[in-house]
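Asks:
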Amino acid sequence: LFRSQDRTDRVLERLGALERRVDGGFADVDRRFADVDRRFADVDQRFADVGQRFDELRIQMRIDKTEILERIDIVAQRLSRLEQGPG
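Start counting the sequence shown at 1; every next residue gets the next number (the working numbering).
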């Protein structure tokens, strides 16, 4: 009877140790998933930043294009006046 109880105790002890290892493994997996989630959030933020920068550049290009067209118009007006001569 004592042998049987000893054997049962050892099996339960082993099962307890195994359960702790499994729980520790799951906790590690949970931490890794949380880390991956943080990394994806960081990548999402970087894509958002890049998208915003592209929008800013697109707006700046429109402004630059408008300024260039305005300057071309001014030069064209001056040339037209020069071609017409004085007066």
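Think of the CB as a built atom: it goes at the ideal place given N, C-alpha and C, for glycine as much as any other residue. Because the structure is a prediction, the values reported are computed rather than measured.
1. Express the C-alpha separation of Val36 and Met61 in angstroms, rounding to a whole number.
2. Mapping DSSP to helix, strand and coil, what is Gly85?
3. Rounded to whole angstroms, what's the CA-CA distance from Glu19 to Val11? Just pull it up for me.
Replies: Concretely, from the data shown:
1. Translated into positions along the sequence shown, residue 61 becomes position 61. Translated into positions along the sequence shown, residue 36 becomes position 36. Going by the C-alpha atoms only, they are around 37 Å apart.
2. Within the sequence shown, residue 85 is the residue found at index 85, counting from 1. Gly85: coil per DSSP, three-state reduction.
3. Position 19 of the sequence shown, counting from 1, holds the residue named residue 19. Position 11 of the sequence shown, counting from 1, holds the residue named residue 11. Taking the straight line from one Cα to the other gives about 12 Å.
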